[in-house]
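Below you'll find the structure, written out as structure tokens, and then a few comments.
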Amino acid sequence: MTAALSAHELIARHRSTLDQALEAIRTRAYWSPHPEHPKAYGEHGSLDAAAGKAAFDALLGTRLDLGQPGTDDWVGGETSPYGVDLGVTYPHADLDVLLPAMKAGQRAWRDAGAEQRAVVCLEILKRVSDRTHEFAHAVMHTSGQAFMMAFQAGGPHAQDRGLEAVAYAYVEQVRTPDNAEWTKPQGKRDPLAMTKQFTPVPRGIALMIGCNTFPTWNGYPGLFASLATGNAVLVKPHPRAVLPLALTVQVAREVLAEAGYDPNLMALAAERPGEGIAKTLATRPEIRIIDYTGSTEFGDWLEANARQAQVYTEKAGVNTVVVHSTADYKGMLSNLAFSLSLYSGQMCTTPQNLLVPREGISTDQGPKSYDEVVADLAKSVDGLLGDDARANALLGAIVTPDVKARLESAAGLGEVALASREITNPDFPGAVVRTPVIVKLDGAKPDAEAAYMSECFGPVSFAVAVDSASDAVELLRRTVREKGAMTVGAYTTDPEVEQDVREACLEEAAQLSLNLTGGVYVNQTAAFSDFHGSGGNPAASAALCDGAFVANRFRVVEVRREA
303 MTAALSAHEL IARHRSTLDQ ALEAIRTRAY WSPHPEHPKA YGEHGSLDAA
353 AGKAAFDALL GTRLDLGQPG TDDWVGGETS PYGVDLGVTY PHADLDVLLP
403 AMKAGQRAWR DAGAEQRAVV CLEILKRVSD RTHEFAHAVM HTSGQAFMMA
453 FQAGGPHAQD RGLEAVAYAY VEQVRTPDNA EWTKPQGKRD PLAMTKQFTP
503 VPRGIALMIG CNTFPTWNGY PGLFASLATG NAVLVKPHPR AVLPLALTVQ
553 VAREVLAEAG YDPNLMALAA ERPGEGIAKT LATRPEIRII DYTGSTEFGD
603 WLEANARQAQ VYTEKAGVNT VVVHSTADYK GMLSNLAFSL SLYSGQMCTT
653 PQNLLVPREG ISTDQGPKSY DEVVADLAKS VDGLLGDDAR ANALLGAIVT
703 PDVKARLESA AGLGEVALAS REITNPDFPG AVVRTPVIVK LDGAKPDAEA
753 AYMSECFGPV SFAVAVDSAS DAVELLRRTV REKGAMTVGA YTTDPEVEQD
803 VREACLEEAA QLSLNLTGGV YVNQTAAFSD FHGSGGNPAA SAALCDGAFV
853 ANRFRVVEVR REA
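Counting from 1 along the sequence shown, just add 302 to a position and that's the residue number in our numbering.
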């Protein structure tokens with residue numbers, strides 16, 4: 303292929319960004335090349351708010367032709383949680399045609415080397431970034447996130463996670479030199495001398511199975527980790543959230559072609575309603591890597607059945623907060639209220655179980671009983687969401703009927719401390735918007751255990767009364783071990799309790815946030831600094847992002863000769 307983008311040009315554009323990303327993952331300091339504020343866009347080729355909205359509107363009701371081989375049908379059917387019928391159709395693939403075409407370009411991509419692959423990936427991310435406003439509407443209308451969250455989490459934060467994966471991939475590939483001279487002394491005899499070449503070799507075609515709630519944020523790490531390590535990538539979006547990932551594939555194919563590589567190194571696998579092609583794809587012999595975010599049931603199935611592939615899963619967990627004591631009672635309540643409300647609790651990191659000693663807690667406002675703590679938290683959530691406009695901006699929309707059903711049934715599990723209420727979105731009357739429910743449970747009762755030891759995905763939290771701090775830590779430990787957790791939070795002013803919680807999280811491999819009372823929340827993580835998941839408990843088999851997430855996507859093959 304003739305390259306419109308030369309290797310030299312791409313390195314000149316993006317090497318400094320790659321170097322800054324490498325430094326950021328080394329120091330774990332704050333850094334991002336992707337602006338979080340919508341007003342930062344509109345210059346240097348990027349779309350401003352009006353142009354981005356117009357670009358999204360122009361997509362509605364159209365056919366997104368990616369130019370892929372093996373297209374045998376056109377499929378669609380996405381309806382926004384805000385009540386908008388997107389009407390976009392996508393290529394449906396004959397896998398026996400598409401998969402061989404994807405494999406054909408891997409040799410040249412492998413031979414390009416780690417640096418060239420990295421800067422091509424950064425060019426893809428740059429072009430996605432330039433269209434952040436357009437992508438934000440695509441994420442909003444497939445996930446149900448409110449616009450500002452869709453803009454930030456679906457745009458710059460997702461792009462940061464993709465860049466982070468590229469940086470880790472680069473580090474692991476260049477850990478071994480391309481060439482080495484090896485000489486072994488033999489005493490009086492001539493030394494043994496060898497020249498050795500080391501080549502990172504991709505595993506094969508990677509399958510990225512997208513999720514409904516965070517299609518780009520959860521999708522980009524695996525997508526870019528696989529592409530940067532030399533693998534072709536087949537993107538299988540969630541049927542209700544195709545558009546953001548289809549646009550990503552479109553951009554990637556354009557960049558790959560312009561850089562002189564086969565565009566079929568990136569392709570989309572959209573499906574007919576009810577077709578369920580994930581299982582078919584996951585067990586194809588051509589698929590050698592799988593990234594998946596979603597239910598524990600299907601994640602477990604992938605780990606058990608996709609034996610030919612390296613499988614990375616983020617499944618479900620029961621996230622827990624230990625509430626023992628605090629030096630900032632108001633700040634604690636405010637922080638927890640926001641964490642429970644953001645995106646209607648439809649995040650894999652949202653707290654579910656709040657473990658509170660039944661005799662109460664000590665605070666800077668004096669002792670507070672269990673009932674007072676729960677009632678004050680309910681008031682804090684009510685205060686946060688009392689204004690409907692602000693509530694809509696925080697809650698977004700309920701993404702599926704299943705989440706709505708879980709929310710409605712949760713009220714029957716115990717005493718309701720905070721009832722959920724319905725909110726109307728004046729811009730989108732078809733949106734289902736609900737405030738969170740908080741249910742009081744007695745941790746000593748077996749019937750309550752069935753509720754709090756199961757994930758209840760959505761805006762549902764349980765205030766679980768426990769006998770003591772030690773009982774809270776023991777329940778935390780058992781929950782993480784048996785059910786997994788993406789996040790753990792704790793509030794305590796007691797160094798011994800803090801140490802016990804910390805030790806439980808270290809032993810059970812759960813990421814811990816202590817005494818958050820300001821503008822950082824337990825359900826948010828920052829790329830280049832925070833690890834999302836640990837890969838060490840049942841909630842996920844991988845962390846976003848560390849060396850283990852990328853290193854097994856390729857193998858190093860050695861060719862040696864006598865010198």
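All C-beta atoms, glycine included, are put in the ideal place defined by N, C-alpha and C.
Per DSSP, what kind of secondary structure is residue i in: helix, strand or coil?
i: Asp396; result: coil
i: Trp376; result: strand
i: Ile700; result: coil
i: Lys896; result: Residue 896 falls outside the range modelled here, since the chain spans only 303 to 865, and no answer is possible.
i: Ala561; result: coil
i: Asp773; result: helix
i: Phe449; result: helix
i: Thr595; result: strand
i: Val872; result: Examination of residue 872 is not possible in this model, given that the chain is present from 303 through 865 alone.
i: Asp492; result: strand
i: Glu724; result: strand
i: Arg412; result: helix
i: Arg365; result: strand
i: Ala853; result: helix
i: Ser682; result: helix
i: Thr444; result: helix
i: Phe730; result: coil
i: Pro340; result: helix
i: Asn825; result: coil
i: Thr319; result: helix
i: His346; result: coil
i: Leu307; result: coil
i: Arg574; result: coil
i: Gln370; result: coil
i: Arg780; result: helix
i: Ala360; result: helix
i: Thr819; result: coil
The beta strand (DSSP E) spanning residue i covers which residue range?
i: Ser815; result: 814-816
i: Pro748; result: Pro748 -> not in any beta strand (DSSP E); alpha helix (DSSP H) instead, spanning 748-754.
i: Val569; result: Contrary to the premise, residue 569 reads as Ala rather than Val in this sequence. Counting along the chain, the beta strand (DSSP E) containing Ala569 begins and ends at 568-570.
i: Ala792; result: 790-793
i: Val869; result: A query on residue 869 cannot be resolved here, the shown segment of the chain reaching from 303 to 865 and no further.
What residue range is occupied by the uninterrupted alpha helix (DSSP H) comprising residue i?
i: Leu388; result: Unbroken run through Leu388: none, as it is neither H nor E.
i: Thr485; result: No alpha helix (DSSP H) holds Thr485; the beta strand (DSSP E) holding it covers 481-488.
i: Glu717; result: Segment 717-720 is the beta strand (DSSP E) holding Glu717; no alpha helix (DSSP H) there.
i: Val473; result: 458-476
i: Asp802; result: 797-810
i: Ser334; result: First-last for Ser334: undefined, no H or E at that position.
i: Phe759; result: No alpha helix (DSSP H) holds Phe759; DSSP gives it neither H nor E.
i: Asp689; result: Looking at the DSSP string, Asp689 is not in any alpha helix (DSSP H), and its letter there is neither H nor E.
i: Lys581; result: 579-584
DSSP has residue i in a bridge; who is on the other side?
i: Asp744; result: Ala767
i: Thr381; result: Asp387
i: Ala842; result: Glu616, Asn839
i: His834; result: Leu846
i: Gln589; result: A small fix is needed here, since residue 589 is Ile in this sequence, not Gln. Note: Ile589 sits in a beta bridge opposite Ile507.
Should residue i be listed as close to the ligand SAM, given that the test is whether its C-beta is under 8 Å from any heavy atom?
i: Ser836; result: Summarising the ligand content, the structure contains no ligands, and the ligand SAM is consequently not present.
Enumerate, from N- to C-terminal direction, the unbroken alpha helix (DSSP H) stretches of 4 or more residues contained entirely within the stretch 611-672. Scanning the stretch 611-672 from its first residue to its last, the whole alpha helix (DSSP H) runs of 4-plus residues come out as 631-643.
Using 8 Å as the threshold, is the stretch 529-539 in touch with the stretch 503-512, meaning 3 or more CB pairs across them? Touching, per the Cβ criterion.
If you scan the stretch 495-546 from start to end, which runs of the alpha helix (DSSP H) of 4 or more residues do you find wholly inside it? Qualifying alpha helix (DSSP H) stretches, in chain order: 522-530.
So, do the stretch 322-334 and the stretch 362-370 have three or more beta carbon pairs nearer to each other than 8 Å? No, they do not touch.
Under 8 Å, with one C-beta from each stretch per pair, do the stretch 788-803 and the stretch 618-638 reach the 3-pair mark? The stretch 788-803 makes contact with the stretch 618-638; the number of CB pairs closer than 8 Å reaches 3 or more.
Any contact between the stretch 645-656 and the stretch 750-762? By contact I mean 3 or more CB pairs, one from each, below 8 Å. Because the criterion of three Cβ pairs below 8 Å is met, the stretch 645-656 and the stretch 750-762 touch.
Should the stretch 424-435 be called in touch with the stretch 480-499, which here means at least 3 C-beta pairs below 8 Å? Counting Cβ pairs under 8 Å, fewer than three are found: no touch.
I'd like to know if the stretch 739-749 and the stretch 710-723 are in contact, where contact means that at least 3 CB-CB pairs between them fall below 8 Å. As far as the Cβ criterion goes, the stretch 739-749 touches the stretch 710-723, which means the pair count is three or higher.
Between the stretch 765-782 and the stretch 799-810, do three or more beta carbon pairs fall short of 8 Å? Cβ pair count under 8 Å is three or more, so yes.
Can at least three beta-carbon pairs, one atom from the stretch 691-700 and one from the stretch 447-454, be found at a separation below 8 Å? They touch, by the three-pair rule.
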